[in-house]
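Participant: As they're listed, the protein sequences go chains A and B.
Everything in the first sequence is counted per full-length UniProt numbering, starting at 1 for the first residue and increasing by one.
Everything in the second sequence is counted per full-length UniProt numbering, starting at 1 for the first residue and increasing by one.
The beta-carbon is built from N, C-alpha and C at its ideal position, and this holds for glycine as well.
Dumping the structure here so I can ask a few things about it.
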Amino acid sequence: MWIRAYSSLWMLASVSLIIYMGHLYIWAMVVIIQIFMASELFNLLRRANQDKRLPKIKLLNWHFFFTAMLYVYGRILSQHLVNTVISDKFFFRLVSILIKYQMAICYFLYIAGFVWFILSLKKRYYKYQFGQYAWTHMILIVVFTQSAFTVANIFEGIFWFIFPASLIAMNDVAAYFFGFFFGKTPLIKLSPKKTWEGFIGASVATMIAAFTFANFLGRFQWLTCPRKDLSTGWLQCDPDPIFQPESIPLPALISHWLSWKEIAVLPVQWHALCMGLFASIIAPFGGFFASGFKRAFKIKDFGDSIPGHGGFTDRMDCQMVMAVFVYIYHQSFVAAQDYSVEMFLNQIMRNLHSEEQLVLYKKLGQILQERHFIQS
Amino acid sequence: MQKDTSTTAPSTTSGRIRHRKRSNEVIPEVSKANGTQLLVNDKSKYKSMLIRAYSSIWMIGGFILVIYMGHLYITAMVVVIQIFMAKELFNLLRKSHEDRQLPGFRLLNWHFFFTAMLFVYGRILSPRLVNTVTSDMVLYRLVSSLIKYHTVICYSLYISGFMWFILTLKKKMYKYQFGQYAWTHMILIVVFGQSSFTVASIFEGIFWFLLPATLIVINDIAAYFFGFFFGRTPLIKLSPKKTWEGFIGASVTTIISAFVLADIMGHSKWLTCPRKDLSTGWLHCDPGPLFKPESYSLPGWISHWFPWKEISVLPVQWHALCLGLFASIIAPFGGFFASGFKRAFKIKDFGDSIPGHGGITDRMDCQMVMAVFAYIYHQSFVVPQSLSVEMILDQILINLTFDEQEALYWRLGEILQQGIQRKS
Numbered sequence: 001m002w003i004r005a006y007s008s009l010w011m012l013a014s015v016s017l018i019i020y021m022g023h024l025y026i027w028a029m030v031v032i033i034q035i036f037m038a039s040e041l042f043n044l045l046r047r048a049n050q051d052k053r054l055p056k057i058k059l060l061n062w063h064f065f066f067t068a069m070l071y072v073y074g075r076i077l078s079q080h081l082v083n084t085v086i087s088d089k090f091f092f093r094l095v096s097i098l099i100k101y102q103m104a105i106c107y108f109l110y111i112a113g114f115v116w117f118i119l120s121l122k123k124r125y126y127k128y129q130f131g132q133y134a135w136t137h138m139i140l141i142v143v144f145t146q147s148a149f150t151v152a153n154i155f156e157g158i159f160w161f162i163f164p165a166s167l168i169a170m171n172d173v174a175a176y177f178f179g180f181f182f183g184k185t186p187l188i189k190l191s192p193k194k195t196w197e198g199f200i201g202a203s204v205a206t207m208i209a210a211f212t213f214a215n216f217l218g219r220f221q222w223l224t225c226p227r228k229d230l231s232t233g234w235l236q237c238d239p240d241p242i243f244q245p246e247s248i249p250l251p252a253l254i255s256h257w258l259s260w261k262e263i264a265v266l267p268v269q270w271h272a273l274c275m276g277l278f279a280s281i282i283a284p285f286g287g288f289f290a291s292g293f294k295r296a297f298k299i300k301d302f303g304d305s306i307p308g309h310g311g312f313t314d315r316m317d318c319q320m321v322m323a324v325f326v327y328i329y330h331q332s333f334v335a336a337q338d339y340s341v342e343m344f345l346n347q348i349m350r351n352l353h354s355e356e357q358l359v360l361y362k363k364l365g366q367i368l369q370e371r372h373f374i375q376s
Numbered sequence: 001m002q003k004d005t006s007t008t009a010p011s012t013t014s015g016r017i018r019h020r021k022r023s024n025e026v027i028p029e030v031s032k033a034n035g036t037q038l039l040v041n042d043k044s045k046y047k048s049m050l051i052r053a054y055s056s057i058w059m060i061g062g063f064i065l066v067i068y069m070g071h072l073y074i075t076a077m078v079v080v081i082q083i084f085m086a087k088e089l090f091n092l093l094r095k096s097h098e099d100r101q102l103p104g105f106r107l108l109n110w111h112f113f114f115t116a117m118l119f120v121y122g123r124i125l126s127p128r129l130v131n132t133v134t135s136d137m138v139l140y141r142l143v144s145s146l147i148k149y150h151t152v153i154c155y156s157l158y159i160s161g162f163m164w165f166i167l168t169l170k171k172k173m174y175k176y177q178f179g180q181y182a183w184t185h186m187i188l189i190v191v192f193g194q195s196s197f198t199v200a201s202i203f204e205g206i207f208w209f210l211l212p213a214t215l216i217v218i219n220d221i222a223a224y225f226f227g228f229f230f231g232r233t234p235l236i237k238l239s240p241k242k243t244w245e246g247f248i249g250a251s252v253t254t255i256i257s258a259f260v261l262a263d264i265m266g267h268s269k270w271l272t273c274p275r276k277d278l279s280t281g282w283l284h285c286d287p288g289p290l291f292k293p294e295s296y297s298l299p300g301w302i303s304h305w306f307p308w309k310e311i312s313v314l315p316v317q318w319h320a321l322c323l324g325l326f327a328s329i330i331a332p333f334g335g336f337f338a339s340g341f342k343r344a345f346k347i348k349d350f351g352d353s354i355p356g357h358g359g360i361t362d363r364m365d366c367q368m369v370m371a372v373f374a375y376i377y378h379q380s381f382v383v384p385q386s387l388s389v390e391m392i393l394d395q396i397l398i399n400l401t402f403d404e405q406e407a408l409y410w411r412l413g414e415i416l417q418q419g420i421q422r423k424s
């Protein structure tokens, strides 16, 4: 347990440092973690004797990795990149062209890899090579989907990255300690060390922690402001309405006992409760999936980079499920409130030329006229 | 050839393979006895050609009928083809005796299939759906809220499938179940990736679906006939029946026919107009600069030989040349991939729905690669900048209420007028 605690502290310290340094560095950290995860997973089902006769397979894997990275980060960060170079005319043109043809470039890189794969098929190794090809695709999809969503979360505001990640960590730690002291009933055959006592205790602890921690984190502008470009300096912004405290009067019986008549609650704390619920009930299934996978293919750990914990993938398994959920939750329930007449007017003024604005105006007019005509 | 199979393959599977081989493998045994598998030396090639020709004509006939009926029916055809392909592929690597111990597993596959269909088609067709119901208030509200929470709905369905999978893991079947899970994902990605692009291309204008599909068919048929008559040099070890003569002859034919077909198809409004909603009636639209003929004066020596002084070329014909080039050089790799796959897993065909051709996946393997290319090519090189107008307009219609849309309209009008007044 002490080895685990020691390496946990180190990881915690370095993550805190990077958070302090900013969005761009967090992104770099995510990319590095990804490279290590992909490396671990690529190596996992490779069989050494067959690989000696197929020298280029490793290179092909990294080619697909690079293509996926270009595609995913190109899509997420293209608007941010544009905003960064918006003042320099030459770079702006270059970046705009790259973004326009980004999809075509990534597609051609992929097709080149596809053709390379087919031309490198060797007579007795077909099954192995196809298996490796499928395995590569699955790895890249798993690794890049969640990291894409993680990076998108980061640029919406570090809060949306650090809060879910810490919830998962808290859930893990709480489950460990509750299981250590109270664990009796096994939870699931896949992970024999997990117990119902640990699960329930951790769930309750996580929900409470979610509610209070969101209050604490929501007060920092560094964490709550979205980053619209790729700069690294300090951020100023108008805090989003969900980070502005609202006073909620407490029901009478509590205000009799304690001296507070009302408490200040950030609206984001209600969202935090939902995230805490997901983190304690559903995210552990990511861990079960990884356990089942290791059991199926008879491996002890995904790697051995972190003493006491195993490889990177072992630490990231629940985080991956959480990151995807947070992004989708944010897009559907948090950010969606932003749509307004103002926002669209701004978009139209910013992104379209005057002729295009006229075209939009006329088309919208037609649609509205048709609607009036049919309704009246 | 079956001596070095993996030890996990039970006898029932190889029995099934042997049976399939028996029904389809009768004819080429003769050519194997000759020592070479080239089509030129195949003595009974005429019989197999007739079977193939007969089913090809039926397929082409059915296809033309659906094209005539319109965008929505073509989409329906694509969906039906997809379901059959997924079914073939799901069945492929399943092992029957292990499956009997996992009763809910097939249902899980179809759950993921349904989720993928909802996600993919929801994304592509949502702007069109909004435009269809834009006049009716109740339906509009319902559709808008469905679209707003569309991602969440699909995500919840996926996560419930994920949890269901984990809860059904059975002690000694872990490896088989994980393999099936990965296989399901790969199938769904392959099938839905290309079909989503196909449907998106259809609604941009049937031309962008019909031309690439036709080019692949022409390439296939031309390669078959060139190989039939002239094929000598084998092309690639993966597909022993393919020859360099067939490949090169088909490439030239495809590129020429791309140029000509684009001209013919480009004159039909039914094929070139994009469809903005889900209606099925006739389409009227401004064809766009791509489909308006431009005249090129021919160089002196050609106009001496022929009486034409200039030819009219639709700009889209140059794009068609690129499509033809891809269809003849790169799309066949889709076929090689499928051949290699079948060889790796020792199966003769993906299915046997179509006599003479195998299963539906056998026909669609090159089409899939082409459909993705056609869509990406269209988005990158053909579509003008007015895409952003469409995107913003779609967003406005989806996300704002009727009153907000009117408010936006009036305010935009004021701003534009101020701009005009400032300029004059």
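Evaluate B:L167 with the Cβ neighbour count: other Cβ atoms within 10 Å of its Cβ, from every protein chain shown; 16 or more gives buried, anything less gives exposed.
Facilitator: If you number the second sequence from 1, residue 167 of chain B lands on position 167. By the neighbour-count rule (16 or more Cβ atoms within 10 Å), B:L167 is not buried but exposed.
Participant: Would A:G276 count as contacting chain B if we go by Cβ distances under 9 Å?
Facilitator: Here residue 276 of chain A refers to the residue found at position 276 when the first sequence is read from its first residue. No, no contact with chain B.
Participant: With a cut-off of 9 Å, does the C-beta of B:A182 fall near any C-beta of chain E?
Facilitator: In the structure shown, chain E cannot be found, because the protein chains are A and B.
Participant: Enumerated in chain order, which unbroken segments of the alpha helix (DSSP H) with a length of 4 residues or greater are wholly contained in the segment 270-330 of chain A?
Facilitator: Listed in chain order, they are 284-296 and 312-329.
Participant: Does the segment 144-153 of chain A come within contact of the segment 16-35 of chain A, defined as at least 3 CB pairs closer than 8 Å?
Facilitator: Yes, the segment 144-153 of chain A is in contact with the segment 16-35 of chain A.
Participant: When you compare only the Cα positions, how much space is there between A:N215 and A:E246?
Facilitator: Counted from its first residue, the first sequence places residue 215 of chain A at position 215. Counted from its first residue, the first sequence places residue 246 of chain A at position 246. Whole-angstrom Cα-Cα distance: 11 Å.
Participant: Exposed or buried, what is A:A5 when buried is set at 16 or more other beta-carbons lying within 10 Å of its beta-carbon?
Facilitator: The residue labelled residue 5 of chain A in the question sits at position 5 within the first sequence. It is exposed - the Cβ of A:A5 has fewer than 16 other Cβ atoms within 10 Å.
Participant: Which residues of chain A have a Cβ atom closer than 7 Å to the Cβ of B:R343, listed in chain order?
Facilitator: Within the second sequence, the letter at position 343 stands for residue 343 of chain B. Y126, listed in chain order.
Participant: Kindly say whether A:E40, judged by its beta-carbon, lies nearer than 9 Å to any beta-carbon of chain B.
Facilitator: Walking along the first sequence from the start, residue 40 of chain A turns up at place 40. Taking Cβ atoms only, chain B never reaches closer than 9 Å to A:E40, which makes this a no.
Participant: Mind listing, in chain order, the continuous alpha helix (DSSP H) runs of no fewer than 4 residues lying wholly within the segment 195-243 of chain A?
Facilitator: Runs found: 196-217 and 221-224.
Participant: Can you tell me whether A:Q366 is buried or exposed? The criterion is at least 16 other CB atoms within 10 Å of its CB, across all chains shown.
Facilitator: Residue mapping note: residue 366 of chain A aligns to position 366 of the first sequence, counting from 1. Classification for A:Q366: exposed.
Participant: Just to make sure I have the definition right: I need the residues of chain B whose C-beta is within less than 8 Å of the C-beta of A:R295. Which are they?
Facilitator: By 1-based counting over the first sequence, the position of residue 295 of chain A is 295. Y174, listed in chain order.
Participant: Does DSSP classify A:L70 as helix, strand or coil?
Facilitator: The count along the first sequence starts at 1 and reaches residue 70 of chain A at position 70. Helix.
Participant: Would you mind giving the Cβ-Cβ distance between A:S166 and B:V152, rounded to the nearest angstrom? I have them listed as a contact below 8 Å.
Facilitator: Your numbering for residue 166 of chain A matches position 166 in the first sequence. Your numbering for residue 152 of chain B matches position 152 in the second sequence. A:S166 to B:V152, Cβ: 23 Å. No contact.
Participant: Tell me whether B:V372 sits in a helix, a strand or coil according to DSSP, three-state version.
Facilitator: Position 372 of the second sequence, counting from 1, holds the residue named residue 372 of chain B. In this structure, B:V372 counts as helix in the three-state DSSP scheme.
Participant: Just to confirm, are B:L118 and B:F165 a CB contact at a threshold of 9 Å?
Facilitator: Here residue 118 of chain B is taken as the residue at index 118 of the second sequence, counted from 1. Here residue 165 of chain B is taken as the residue at index 165 of the second sequence, counted from 1. No; because the gap between Cβ atoms is not below 9 Å, this pair is not in contact.
Participant: Tell me which residues share the same chain as B:V143 and place their Cβ nearer than 7 Å to its Cβ, disregarding the 5 neighbours each side in the sequence.
Facilitator: Translated into the one-based positions of the second sequence, residue 143 of chain B becomes position 143. Result list for B:V143: L129, V130 and V133, in chain order.
Participant: Under a three-way DSSP split, which group does B:T243 fall into?
Facilitator: Taking the second sequence and counting its residues from 1, one reaches residue 243 of chain B at position 243. Note: B:T243 maps to strand in three-state DSSP.
Participant: Which runs of the beta strand (DSSP E) fall wholly inside the segment 245-324 of chain B and span at least 3 residues, in chain order?
Facilitator: The segment 245-324 of chain B contains these whole beta strand (DSSP E) runs: 294-297 and 310-313.
Participant: In angstroms with no decimal places, state the Cα-to-Cα distance between A:Q132 and A:L44.
Facilitator: In the first sequence, residue 132 of chain A corresponds to position 132, counting from 1. In the first sequence, residue 44 of chain A corresponds to position 44, counting from 1. Roughly 11 Å separates the two Cα atoms.
Participant: Look at A:P226 and A:F325 and say whether their C-beta atoms are less than 9 Å apart.
Facilitator: Position 226 of the first sequence, counting from 1, holds the residue named residue 226 of chain A. Position 325 of the first sequence, counting from 1, holds the residue named residue 325 of chain A. No, the Cβ-Cβ distance between A:P226 and A:F325 is not below 9 Å.
Participant: When DSSP labels each residue in this structure, what does B:V30 get in the three-state scheme?
Facilitator: Position 30 of the second sequence holds residue 30 of chain B. Low confidence applies here, because B:V30 scores a pLDDT of 39, under 50, leaving its location unreliable; read the following figure in that light. DSSP places B:V30 in helix when its eight states are reduced to three.
Participant: Taking the CB atoms as reference points, tell me whether residue 434 of chain B and B:V382 lie closer together than 9 Å.
Facilitator: Outside the shown range of chain B, which is 1 to 424, sits residue 434 of chain B, and nothing can be said about it.
Participant: Along chain A, which residues have their Cβ under 8 Å away from the Cβ of B:V389?
Facilitator: Within the second sequence, residue 389 of chain B is the residue found at index 389, counting from 1. L352, E356, V359, L360 and K363, listed in chain order.
Participant: Since B:S160 is in the alpha helix (DSSP H), which residue starts that stretch and which ends it?
Facilitator: Start at 1 with the first residue of the second sequence, and residue 160 of chain B comes out as number 160. Where B:S160 is concerned, the enclosing alpha helix (DSSP H) stretches over H150 to L167.
Participant: Determine whether the Cβ of B:I415 lies closer than 9 Å to any Cβ atom of chain A.
Facilitator: Position 415 of the second sequence, counted from the start, is the residue given in the question as residue 415 of chain B. It does; some Cβ of chain A falls within 9 Å.
Participant: Are at least three pairs of beta-carbons, each pair with one atom in the segment 406-416 of chain B and one in the segment 355-366 of chain A, less than 8 Å apart?
Facilitator: Short answer: they touch.
Participant: So, does the segment 360-368 of chain B touch the segment 78-93 of chain B, judging by three or more C-beta pairs under 8 Å?
Facilitator: They touch, by the three-pair rule.
Participant: List the DSSP bridge partners of A:I188.
Facilitator: On the first sequence, position 188 is the one that residue 188 of chain A refers to. DSSP output for A:I188 lists A:S191 as bridge partner(s).
Participant: Can B:L157 be considered in contact with the ligand ZN, in the sense that its beta carbon sits closer than 8 Å to one or more heavy atoms?
Facilitator: Summarising the ligand content, the structure contains no ligands, and the ligand ZN is consequently not present.
Participant: According to DSSP, which residues form a beta bridge with residue 434 of chain B?
Facilitator: With chain B running from 1 to 424 in the structure shown, residue 434 of chain B is simply not present.
Participant: Quick one: is B:Q418 near chain A, going by C-beta distance under 9 Å?
Facilitator: In the second sequence, the residue the question calls residue 418 of chain B occupies position 418. Output row for B:Q418: interface = no.
Participant: Select from the segment 185-210 of chain A all residues with a C-beta closer than 9 Å to any C-beta belonging to chain B, and list them in chain order.
Facilitator: Under the 9 Å Cβ criterion, the segment 185-210 of chain A contributes I188, K189 and L190.
Participant: Just the C-alpha distance for B:F205 and B:W318, rounded to the nearest angstrom, thanks.
Facilitator: Taking the second sequence and counting its residues from 1, the one referred to as residue 205 of chain B is at position 205. Taking the second sequence and counting its residues from 1, the one referred to as residue 318 of chain B is at position 318. A small fix is needed here, since residue 205 of chain B is Gly in this sequence, not Phe. Using only the alpha carbons, I get a separation of about 17 Å.
Participant: Which two residues bound the contiguous alpha helix (DSSP H) that contains B:I107?
Facilitator: As a position in the second sequence, residue 107 of chain B is number 107, starting the count at 1. What sits at residue 107 of chain B in the sequence shown is Leu, not Ile. Segment F105 to T132, the alpha helix (DSSP H) holding B:L107.
Participant: Among the candidates A:M275, A:V72, A:C318 and A:I26, whose CA atom is the shortest distance from the CA of A:V173?
Facilitator: Translated into positions along the first sequence, residue 173 of chain A becomes position 173. A:V173 has its Cα closest to that of A:C318, out of A:M275, A:V72, A:C318 and A:I26.
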